[in-house]
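Below: the structure, in structure tokens.
Number of protein chains: 2
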Amino acid sequence: MDQDDIFKALADPTRRRIFDKLSTGAMNASALREGIAISQPAMSQHLSVLRGAGLVREERQGRYVNYEVNPDGLAEIALWLGKYRAYWPARIDALRALLKEMDQ
Amino acid sequence: MDQDDIFKALADPTRRRIFDKLSTGAMNASALREGIAISQPAMSQHLSVLRGAGLVREERQGRYVNYEVNPDGLAEIALWLGKYRAYWPARIDALRALLKEMDQ
DNA sequence: GAATCACATAAGCACATACTTATGTGATTG
DNA sequence: CAATCACATAAGTATGTGCTTATGTGATTC
Chain A
5 MDQDDIFKAL
15 ADPTRRRIFD
25 KLSTGAMNAS
35 ALREGIAISQ
45 PAMSQHLSVL
55 RGAGLVREER
65 QGRYVNYEVN
75 PDGLAEIALW
85 LGKYRAYWPA
95 RIDALRALLK
105 EMDQ
Chain B
5 MDQDDIFKAL
15 ADPTRRRIFD
25 KLSTGAMNAS
35 ALREGIAISQ
45 PAMSQHLSVL
55 RGAGLVREER
65 QGRYVNYEVN
75 PDGLAEIALW
85 LGKYRAYWPA
95 RIDALRALLK
105 EMDQ
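Here the protein sequences line up with chains A and B, keeping their order.
Residue numbering for the first sequence follows this note's numbering, beginning at 5 and increasing consecutively.
Residue numbering for the second sequence follows this note's numbering, beginning at 5 and increasing consecutively.
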């Protein structure tokens with residue numbers, strides 16, 4: 005779950021799409037496949053990579069496996085981004101607005 | 005300069021290291037090589053990828069080419085991260101503190 | 001203006017990665 | 001308990017990627 009694993013995991017557009025879908029709510033691997041043209045093994049492999057990177061968590065539920073976003077992975081990216089705050093100012097108003105939103 | 009280019013660019017640890025070094029201040033390709041065991045062509049190729057992703061800008065200065073961080077690339081990552089703000093709360097205090105710091 | 005410097009580009013190669021088909025595994029169902 | 005379901009893993013393959021050596025290009029220097 006280091007930065008290398010995280011960036012490598014997110015380098016694949018399909019995995020970003022899977023992660024994005026998961027962000028709308030926890031769901032199992034079969035539900036994740038709906039709307040994404042991908043085979044069952046491919047989905048399983050992608051989820052394994054996302055899990056290894058700490059971007060996703062899983063939980064067995066009977067014969068289903070429920071997946072959900074793991075905030076730790078996102079926090080790691082936030083920390084990486086934070087290192088370069090000296091270069092943010094120009095276009096970062098949107099991000100600042102989001103954080104204000106969170107304060108409510 | 006889309007998200008795919010950005011994440012692919014950052015997926016390589018050498019490129020993240022180059023970007024990190026550049027974040028300490030603009031410098032030319034030769035200066036960037038110092039302290040990083042990398043050939044001249046390899047450096048040139050990495051810089052080309054970073055530039056294509058919009059993470060870095062270049063400017064000819066005589067026979068040198070000066071490189072600097074391009075804030076647009078970082079802003080793009082911030083926007084990506086912003087989509088998942090619902091999952092931030094747990095560990096995001098550091099980021100929030102950084103933004104407060106910027107307000108000063 | 002010939003040599004040199006800073007960097008880019010070309011071509012080739014070793015390795016990584018994302019997919020496929022086939023099969024394995026643990027849990028539920030009839 | 002046999003069949004089926006949800007998912008994981010294995011093995012093979014095609015493509016991508018990061019490096020190398022060799023060469024090209026534009027600018028400076030002597």
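Ideal placement from N, C-alpha and C gives every residue a C-beta, glycine not left out.
This one's a predicted model, so the numbers in the text were calculated from it and none came from an experiment.
Check: Neighbour flag for residue 71 (chain A) against chain B, beta carbons, 9 Å; Outcome: no
Check: Chain B contact residues for residue 8 (chain A), given Cβ-Cβ distances below 7 Å; Outcome: 17
Check: Rounded separation between residue 87 (chain B) and residue 66 (chain B) - CA only; Outcome: 42 Å
Check: Classification of residue 22 (chain B) by the beta-carbon crowding that lies within 10 angstroms, buried from 16 upward; Outcome: buried
Check: Proximity winner among A:85, A:34, A:68, A:78, relative to residue 5 (chain A) (alpha-carbon distances); Outcome: A:78
Check: Residue 64 (chain A) and residue 55 (chain A) closer than 9 Å at C-beta; Outcome: no
Check: Outcome for residue 107 (chain B) when other beta-carbon atoms lying within 10 angstroms are tallied against a minimum of 16; Outcome: Its pLDDT being 47, under 50, residue 107 (chain B) is placed unreliably by the model, and the measurement read from it follows with that caveat. Exposed, since its Cβ has fewer than 16 Cβ neighbours within 10 Å.
Check: Residue 72 (chain B), enclosing alpha helix (DSSP H) - first and last residue; Outcome: Not the alpha helix (DSSP H): residue 72 (chain B) falls in the beta strand (DSSP E), residues 68-73.
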